[in-house]
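Remarks on the structure that follows.
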Amino acid sequence: MQKESVMARASARHILVNSEEQCLALKQEIENGRDFADVAKQHSSCPSGRQGGDLGSFGPGQMVPEFDKVVFSGELNQVHGPVKTQFGYHLLEITDRT
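Heads up, the sequence shown is in the working numbering, so the first residue is 70 and it goes up one at a time.
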């Protein structure tokens with residue numbers, strides 16, 4: 070009998086902006102107590118910004134490689150970034166991982 074492989078899953082939210090400078094400035098605001106979701110709603114250029122940056126649950130390979138690397142190895146409930154992808158610069162917050 071073969072053992073079933075269990076696929077890792079993660080939930081995360083992100084903020085997408087055009088410049089590393091803006092990304093760093095927003096990260097500082099969040100670290101100083103501003104709510105991640107509020108910052109996402111105000112600044113993120115991704116449609117997910119309307120939901121506070123929530124990307125829902127996903128498995129490895131469903132997001133760009135730069136995302137996967139952070140989401141499946143970084144600490145939970147911390148703001149990671151700037152993470153550069155072909156879309157721009159992201160701040161990531163991993164909200165859950167199994």
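Cβ atoms here follow ideal geometry from the backbone N, Cα and C, with glycine treated the same way.
Residue-chain proximity (residue i, chain C), Cβ-Cβ < 8 Å
i	result
Gly118	The structure shown contains no chain C; it is built from a single protein chain.
8 Å Cβ cutoff met for residue i and residue j
i	j	result
Gly122	Arg78	no
Ile84	Leu145	no
Asp137	Ser80	no
Val86	Glu98	no
Gly150	Cys92	yes
Gly118	Lys110	yes
Ser88	Tyr158	yes
Beta strand (DSSP E) segment containing residue i, residue limits
i	result
Asp123	Asp123 to Phe127
Glu162	Gly157 to Arg166
Pro151	Val148 to Thr154
Residue nearest to residue i in terms of C-alpha spacing, selected from the options
i	options	result
Asp104	Phe141, Pro134 and Val148	Val148
Gln155	Val108, Cys115 and Phe141	Cys115
Met76	Gln91, Val133 and Phe141	Phe141
Thr167	Gly118, Phe127 and Ala94	Phe127
Start and end residues, alpha helix (DSSP H) containing residue i
i	result
Ala106	Phe105 to His112
Val140	Pro134 to Val140
Gln91	Glu89 to Glu100
One or two residues paired with residue i in a DSSP bridge
i	result
Ala81	Ile163
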